[in-house]
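In this text, residue positions in the sequence shown follow our numbering: the first is 4, and each later residue adds one.
For glycine and all other residues, C-beta sits at the position ideal for the given N, C-alpha and C.
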Amino acid sequence: MLGVKLEETRVYQEAKQEGQKEGREELKLELVPQFLARGMSMQDVAQLLNLTIEQVRLASEQESSTST
4 MLGVKLEETR
14 VYQEAKQEGQ
24 KEGREELKLE
34 LVPQFLARGM
44 SMQDVAQLLN
54 LTIEQVRLAS
64 EQESSTST
């Protein structure tokens, strides 16, 4: 085409960054139950992972509903 590779386009770069950001957020939410199981408070987990208390609460509820 115009000699431009898909990987060089702004749209591709933005989509890639967004995907990486979502992946990091997913990983944080997966870590929540592990930290809580080790006795950390929701406030400490939220602060450590840079999440809100509500995000921590929802992640812990989601984990408990899928493990039963």
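- In this structure, DSSP gives residue 69 a helical state, which the three-state scheme calls helix.
- Per DSSP, reduced to three states, the secondary structure at residue 45 is helical.
- DSSP places residue 59 in the helix class (H, G or I) of the three-state scheme.
- DSSP places residue 6 in the coil class of the three-state scheme, outside both helix and strand.
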